[in-house]
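S.K.: Take this structure, written in C-alpha coordinates, and hold onto it; I'll ask about it next.
Residue numbers (our numbering): 1103 to 1282.
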(Lines of atoms letter the chains of each structure in order from A and count residues from 1; the text may use other names and numbers.)
(Lines give C-alpha, C1' and ligand atoms only; values in the text may rest on other atoms or scores of the structure.)
Protein backbone atom coordinates (compact mmCIF):
# COMPACT_ATOMS: atom_id res chain seq x y z
CA UNK A 1 0.00 0.00 0.00
CA UNK A 2 1.33 3.43 -0.94
CA UNK A 3 1.46 6.22 1.58
CA UNK A 4 0.33 9.77 0.95
CA UNK A 5 2.87 12.57 1.09
CA UNK A 6 1.09 13.95 4.19
CA UNK A 7 1.25 10.59 6.02
CA UNK A 8 4.95 10.28 5.25
CA UNK A 9 5.74 13.81 6.43
CA UNK A 10 3.77 13.31 9.65
CA UNK A 11 5.50 10.02 10.43
CA UNK A 12 8.99 11.21 9.44
CA UNK A 13 8.81 14.46 11.38
CA UNK A 14 8.89 12.71 14.74
CA UNK A 15 11.96 10.59 13.99
CA UNK A 16 15.68 11.21 13.94
CA UNK A 17 16.40 9.15 10.84
CA UNK A 18 19.16 10.33 8.52
CA UNK A 19 18.17 12.22 5.37
CA UNK A 20 19.42 9.46 3.04
CA UNK A 21 17.40 6.84 4.90
CA UNK A 22 14.31 9.05 4.87
CA UNK A 23 14.72 9.69 1.15
CA UNK A 24 14.99 5.96 0.47
CA UNK A 25 11.91 5.27 2.62
CA UNK A 26 10.02 8.06 0.83
CA UNK A 27 10.81 6.49 -2.53
CA UNK A 28 9.59 3.08 -1.35
CA UNK A 29 6.48 4.18 0.58
CA UNK A 30 5.25 7.17 -1.44
CA UNK A 31 6.61 6.63 -4.95
CA UNK A 32 6.37 2.83 -5.01
CA UNK A 33 10.05 2.23 -5.85
CA UNK A 34 11.37 -1.24 -5.01
CA UNK A 35 13.41 -1.28 -1.79
CA UNK A 36 16.40 -2.81 -3.62
CA UNK A 37 16.42 0.04 -6.15
CA UNK A 38 16.02 2.69 -3.43
CA UNK A 39 18.85 1.05 -1.49
CA UNK A 40 21.22 1.26 -4.45
CA UNK A 41 20.19 4.78 -5.45
CA UNK A 42 20.47 6.30 -1.95
CA UNK A 43 23.42 4.13 -0.85
CA UNK A 44 21.54 2.79 2.18
CA UNK A 45 21.70 -0.84 3.24
CA UNK A 46 18.39 -2.72 2.79
CA UNK A 47 18.16 -3.67 6.50
CA UNK A 48 18.36 0.05 7.40
CA UNK A 49 15.49 0.80 5.04
CA UNK A 50 13.46 -2.10 6.43
CA UNK A 51 13.95 -0.97 10.05
CA UNK A 52 13.21 2.64 9.16
CA UNK A 53 10.00 1.68 7.33
CA UNK A 54 8.92 -0.33 10.37
CA UNK A 55 9.65 2.66 12.63
CA UNK A 56 7.76 5.04 10.34
CA UNK A 57 4.81 2.64 10.24
CA UNK A 58 4.71 2.48 14.04
CA UNK A 59 4.89 6.27 14.25
CA UNK A 60 2.05 6.68 11.74
CA UNK A 61 -0.02 4.18 13.71
CA UNK A 62 0.57 6.22 16.92
CA UNK A 63 -0.55 9.38 15.13
CA UNK A 64 -3.69 7.70 13.79
CA UNK A 65 -4.55 6.25 17.21
CA UNK A 66 -4.29 9.70 18.80
CA UNK A 67 -6.49 11.18 16.05
CA UNK A 68 -9.05 8.36 16.45
CA UNK A 69 -9.09 8.81 20.22
CA UNK A 70 -9.60 12.55 19.80
CA UNK A 71 -12.47 11.94 17.35
CA UNK A 72 -14.00 9.32 19.67
CA UNK A 73 -13.71 11.68 22.65
CA UNK A 74 -15.39 14.38 20.61
CA UNK A 75 -18.34 12.12 19.76
CA UNK A 76 -18.94 10.97 23.33
CA UNK A 77 -18.12 14.24 25.08
CA UNK A 78 -20.61 16.64 26.59
CA UNK A 79 -22.00 19.38 24.38
CA UNK A 80 -20.06 21.96 26.41
CA UNK A 81 -16.65 20.54 25.44
CA UNK A 82 -14.99 22.23 22.48
CA UNK A 83 -12.92 20.57 19.76
CA UNK A 84 -9.89 22.55 21.01
CA UNK A 85 -10.30 21.05 24.48
CA UNK A 86 -10.42 17.54 23.05
CA UNK A 87 -7.23 18.10 21.01
CA UNK A 88 -5.54 19.78 24.00
CA UNK A 89 -6.26 16.71 26.12
CA UNK A 90 -5.17 14.36 23.31
CA UNK A 91 -1.85 16.24 22.89
CA UNK A 92 -1.16 16.09 26.65
CA UNK A 93 -1.98 12.38 26.83
CA UNK A 94 0.06 11.50 23.74
CA UNK A 95 3.10 13.39 25.06
CA UNK A 96 2.65 11.74 28.46
CA UNK A 97 2.56 8.32 26.79
CA UNK A 98 5.75 9.07 24.84
CA UNK A 99 7.73 10.58 27.74
CA UNK A 100 6.37 8.59 30.70
CA UNK A 101 3.76 9.04 33.42
CA UNK A 102 5.96 11.14 35.72
CA UNK A 103 6.62 13.77 33.07
CA UNK A 104 4.97 17.07 34.01
CA UNK A 105 3.36 19.17 31.28
CA UNK A 106 2.69 22.88 31.80
CA UNK A 107 1.02 25.52 29.66
CA UNK A 108 3.08 28.19 27.90
CA UNK A 109 3.00 31.53 29.71
CA UNK A 110 3.18 35.02 28.12
CA UNK A 111 6.54 36.73 28.64
CA UNK A 112 8.48 33.46 28.92
CA UNK A 113 11.05 31.81 26.65
CA UNK A 114 11.13 28.03 26.19
CA UNK A 115 14.09 26.09 24.76
CA UNK A 116 13.80 22.44 23.87
CA UNK A 117 12.88 19.78 21.36
CA UNK A 118 9.42 19.18 19.96
CA UNK A 119 7.80 15.95 21.15
CA UNK A 120 4.45 15.78 19.36
CA UNK A 121 1.87 17.83 17.45
CA UNK A 122 -1.82 16.98 17.75
CA UNK A 123 -4.78 18.98 16.48
CA UNK A 124 -3.26 22.44 16.77
CA UNK A 125 -1.20 21.79 19.89
CA UNK A 126 2.57 21.34 20.11
CA UNK A 127 4.35 19.80 23.11
CA UNK A 128 7.98 20.76 23.70
CA UNK A 129 10.46 18.96 25.99
CA UNK A 130 12.23 21.68 27.98
CA UNK A 131 14.16 19.49 30.40
CA UNK A 132 12.33 17.85 33.27
CA UNK A 133 9.00 19.24 32.10
CA UNK A 134 7.03 19.62 28.92
CA UNK A 135 5.35 22.79 27.69
CA UNK A 136 2.16 22.68 25.64
CA UNK A 137 1.76 25.44 23.06
CA UNK A 138 -1.45 26.41 21.25
CA UNK A 139 -0.14 26.65 17.67
CA UNK A 140 -2.60 29.48 16.93
CA UNK A 141 -0.38 31.61 19.19
CA UNK A 142 2.85 30.82 17.29
CA UNK A 143 4.15 32.86 14.35
CA UNK A 144 5.05 29.74 12.35
CA UNK A 145 4.73 25.96 12.42
CA UNK A 146 7.18 24.41 14.93
CA UNK A 147 9.31 21.46 13.80
CA UNK A 148 9.47 18.22 15.72
CA UNK A 149 12.86 16.77 16.66
CA UNK A 150 14.53 20.20 16.30
CA UNK A 151 15.80 22.29 19.21
CA UNK A 152 13.68 25.42 19.23
CA UNK A 153 13.48 28.63 21.18
CA UNK A 154 9.87 29.79 21.51
CA UNK A 155 9.70 33.35 22.83
CA UNK A 156 6.36 34.72 24.06
CA UNK A 157 5.74 38.44 24.24
CA UNK A 158 3.96 39.95 27.22
CA UNK A 159 1.69 41.84 24.81
CA UNK A 160 -1.77 40.37 24.34
CA UNK A 161 -2.46 39.04 20.86
CA UNK A 162 1.17 39.02 19.70
CA UNK A 163 2.31 35.69 18.30
CA UNK A 164 5.26 33.87 19.87
CA UNK A 165 8.48 33.86 17.84
CA UNK A 166 10.13 30.56 16.95
CA UNK A 167 13.84 30.22 16.28
CA UNK A 168 15.77 27.02 15.61
CA UNK A 169 18.73 26.57 17.95
CA UNK A 170 21.97 25.66 16.19
CA UNK A 171 23.21 22.18 17.19
CA UNK A 172 26.49 23.56 18.57
CA UNK A 173 24.83 26.26 20.67
CA UNK A 174 23.91 24.10 23.66
CA UNK A 175 21.94 25.64 26.49
CA UNK A 176 21.61 29.34 26.94
CA UNK A 177 23.97 31.06 29.36
CA UNK A 178 22.38 32.83 32.28
CA UNK A 179 23.20 36.55 32.36
CA UNK A 180 25.19 37.66 35.38
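Each residue gets a CB set at the ideal place from its N, CA and C atoms; glycine is no exception.
For residue 1202, name the three-state secondary structure that DSSP assigns.
M.R.: coil
S.K.: Measure the alpha-carbon distance for residue 1201 versus residue 1112 and round it to whole angstroms.
M.R.: 19 Å
S.K.: Which first and last residues belong to the alpha helix (DSSP H) in which residue 1139 is found?
M.R.: 1137-1144
S.K.: Is residue 1166 closer than 8 Å to residue 1117 when the C-beta atoms are compared?
M.R.: no
S.K.: By DSSP's criteria, residue 1231 is part of a beta bridge. Which residues make up the other side?
M.R.: 1219, 1236
S.K.: Between residue 1220 and residue 1232, is the Cβ-Cβ spacing less than 8 Å?
M.R.: No, they are not a contact pair.
S.K.: Comparing alpha-carbon positions, which option in 1130, 1164, 1198, 1114 lies nearest residue 1104?
M.R.: 1130
S.K.: Between residue 1114 and the rest of its own chain, which residues show a CB-CB distance below 6 Å, the 5 nearest in sequence each way excluded?
M.R.: 1124, listed in sequence order.
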